[in-house]
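Okay, so here's the structure we're looking at.
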Amino acid sequence: MATAKPFTPLDEKFPFDRQLGIAAAPVVLVNIFTVDPADEEGFLSAFEAAAEVITKAPGFISMQLHRALGESPTYLNYVMWESTETVRAAFADPAFVAKLPAYPASVVARPHLFQKVAVPGFCTA
1 MATAKPFTPL DEKFPFDRQL GIAAAPVVLV NIFTVDPADE EGFLSAFEAA
51 AEVITKAPGF ISMQLHRALG ESPTYLNYVM WESTETVRAA FADPAFVAKL
101 PAYPASVVAR PHLFQKVAVP GFCTA
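According to the UniProt record's numbering, the stretch in the sequence shown is residues 1 to 125, in order.
Next up, the structure:
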């Protein structure tokens, strides 16, 4: 997947591009962003513009952005998708890709895909 701003793998052994090749449904995209404090406002503006596109993509279910407590401008974005296929299509959409250069240079994005796991007595898959 070619994008205007590259992603940094959360797990070097199994980067995001490889995860997108696995057929799975539903999936959760967790993206951890680190940002220079001076660029926080620019990050939020760019995030909002990209979210305007992503949230209209087929297969999008929901999204929530979280900010780390205190003085650490680290963000966690949690996005539920119908499948890896829908994530792949959304991230390849030219309208989304066109939004990526607006992120400040200090922003590092670490996307990773997950699926729910059942733990008897605690959570369901």
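Glycine included, each C-beta is placed from N, C-alpha and C at the ideal position.
Cβ neighbour criterion (16 or more within 10 Å) applied to residue i
i	result
residue 79	buried
residue 122	exposed
residue 14	exposed
residue 50	buried
residue 22	exposed
residue 90	buried
Straight-line gap, residue i to residue j (C-alpha atoms, nearest Å)
i	j	result
residue 65	residue 58	20 angstroms
residue 18	residue 120	30 angstroms
residue 24	residue 16	14 angstroms
residue 98	residue 116	31 angstroms
residue 81	residue 95	18 angstroms
Local conformation of residue i per DSSP, three classes
i	result
residue 34	strand
residue 117	coil
residue 108	strand
residue 54	helix
residue 45	helix
residue 122	coil
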